[in-house]
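Below: the structure, in structure tokens.
In the numbering used here, the protein residues as written are 1 to 184.
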């Protein structure tokens, strides 16, 4: 097995940055599959809203969020001012609804593209490390299955996993590392 080391020794600040990045990478790796696939109710709403024209969006908003007073013909306000304020609140709510859809859409696209970049970085790692991270975080295989698939011991699994996350942190931080032959 080849071993990977940094080209020049890391300073204390670099070690702190690598440790911090490793912690965030583990969290990002755990959510990578869901972020790439963009699942959930909000994603469905965004998908549906992308195909609608304004009238359809208004109908969708009014069916879900309009107060009974607006849609009920029996209700007649005490005055014109009363109905005007209800309709102003309703139209302001629609603008907020459209803004919310747009904001969430941009957030989902940003999250998804970051997950795809992370996936790309994972598969660019050396073979054993890439397989181990993909099986662990993307395919969510149990540890015992991964150990049997890669023909490694449990201790090697955890050691390779830590090394893989370290290499990924080096890659994201732009720290150069080199490949050396590991002697047993």
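Ideal Cβ positions, reconstructed from N, Cα and C, are used throughout, including at glycine.
Note down, in chain order, each residue of its chain lying with its Cβ closer than 7 Å to the Cβ of residue i, except the 5 sequence neighbours on either side.
i, result
"residue 116", "36"
Checking 8 Å against the spacing of the C-beta atoms, do residue i and residue j come in under that value?
i, j, result
"residue 119", "residue 160", "no"
"residue 146", "residue 135", "yes"
"residue 22", "residue 166", "yes"
"residue 131", "residue 150", "yes"
"residue 105", "residue 66", "no"
"residue 125", "residue 169", "no"
Have a look at residue i and residue j and give me their C-alpha separation to the nearest angstrom.
i, j, result
"residue 88", "residue 26", "47 Å"
"residue 93", "residue 107", "21 Å"
"residue 18", "residue 31", "20 Å"
"residue 154", "residue 121", "25 Å"
"residue 198", "residue 101", "Nothing can be reported for residue 198: it is not among the residues displayed for the chain, which extend from 1 to 184."
"residue 57", "residue 29", "35 Å"
"residue 137", "residue 114", "15 Å"
Among residues of its own chain, excluding the 5 on either side of residue i, which ones have a beta-carbon nearer than 6 Å to its beta-carbon?
i, result
"residue 98", "none"
Per the contact definition of three or more C-beta pairs closer than 8 Å, is the segment 167-174 in contact with the segment 8-28?
-> Contact between the segment 8-28 and the segment 167-174 is present, because at least three Cβ pairs lie under 8 Å.
Which whole runs of the alpha helix (DSSP H) in the segment 115-161 are 4 residues long or more, in chain order?
-> With a minimum length of 4 residues, the continuous alpha helix (DSSP H) runs that stay inside the segment 115-161 are 127-133 and 143-150.
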